[in-house]
Amino acid sequence: MGAIVPDLPIFIFYFVAKFMHKLPEREIWSQAYYQPFWQNIVSLFHSFPMALIALIICLCFKWQLGAIACASILLHCLFDLPLHNYDAHRHFFPFSSYRFISPVSYWDPQHYGKVAAFAELTLVLLVTPMVFQLLRSWPTKGLLIILDLVSIIFYCRFYLFSSLSLGDS
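Converting from the sequence shown to our numbering requires adding 445 to each position, the first position being numbered 1.
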């Protein structure tokens, strides 16, 4: 589950912006998301150097679960590189503010987002049975199923039924 850690600040940001500050979607993703505070937090959680440092610390202390989580974070960041266009992360933060601007976006239809999102969803659903077998407890298996269902719902909402949208709700 370490692979979702880099995006946790984005989920928290969205919750705060949408439900506490009651901002409209356009303002959330065109202005609020790009505020320095949130960009720094998101960059910290998407940072190769920070994840590598954490991985080394976990290995030094022989903390296997932490090392696996850090490796998952690194894989998440590696897969993010080719899938972010103008919303690219600063993967070398705090040492560099460089952003790799990919021609492909995992979400933006103007940058092959429908294809990339479908490929991502397909990959998630293909590996789910393997991950399910590795998990030992029913709560973690349930969490995996919930994450898959959320992924399917979001894909359908944003790519299959987006023309049914009621605007900035």
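In this text, a Cβ means the ideal position worked out from N, Cα and C, and glycines have one as well.
Counting along the chain, no alpha helix (DSSP H) covers LEU580, and no H or E run does either.
Counting of Cβ neighbours within 10 angstroms places ILE590 among the exposed residues, the total staying below 16.
Using a Cβ-Cβ distance cut-off of 8 angstroms, the segment 516-533 and the segment 487-504 are in contact, since at least three pairs of beta carbons, one from each stretch, lie closer than that value. A check of alpha carbon separations from SER547 across VAL576, CYS515, ARG602 and GLY558 identifies GLY558 as the nearest. The three-state reading of DSSP puts ASN530 in coil, since its state is none of H, G, I, E or B. Within the segment 585-609, complete alpha helix (DSSP H) segments of at least 4 residues are not found at all.
In the structure shown, LEU504 adopts helical secondary structure according to DSSP, grouped into three states. Annotated as distal: GLY587 and ILE513, with beta-carbon spacing of 8 angstroms or more. Here the segment 524-543 makes no contact with the segment 500-507; the two share fewer than three CB pairs at distances below 8 angstroms.
For ALA462 against ILE473, the beta-carbon gap comes to about 5 angstroms, under 8 angstroms, which counts as contact.
Contact between ALA564 and TRP552 does not hold, since their C-beta atoms are separated by about 12 angstroms, which reaches or exceeds 8 angstroms. Remark: C-beta atoms of PHE460 and TYR478 do not approach each other more closely than 8 angstroms. Straight across, the Cα-Cα distance linking ALA533 with PHE599 is about 20 angstroms. As for any alpha helix (DSSP H) of minimum length 4 sitting wholly inside the segment 471-521, the runs are 481-490 and 493-505, ordered along the chain. In this structure, DSSP gives PRO554 a helical state, which the three-state scheme calls helix.
Comparing C-alpha distances from PRO554 to each of TYR604, LYS467, CYS515 and PHE490 shows the shortest one belongs to TYR604. When only Cα atoms are considered, VAL487 and TRP583 end up about 31 angstroms apart. In the three-state reduction of the DSSP assignment, TYR459 falls in the helix class, which pools H, G and I.
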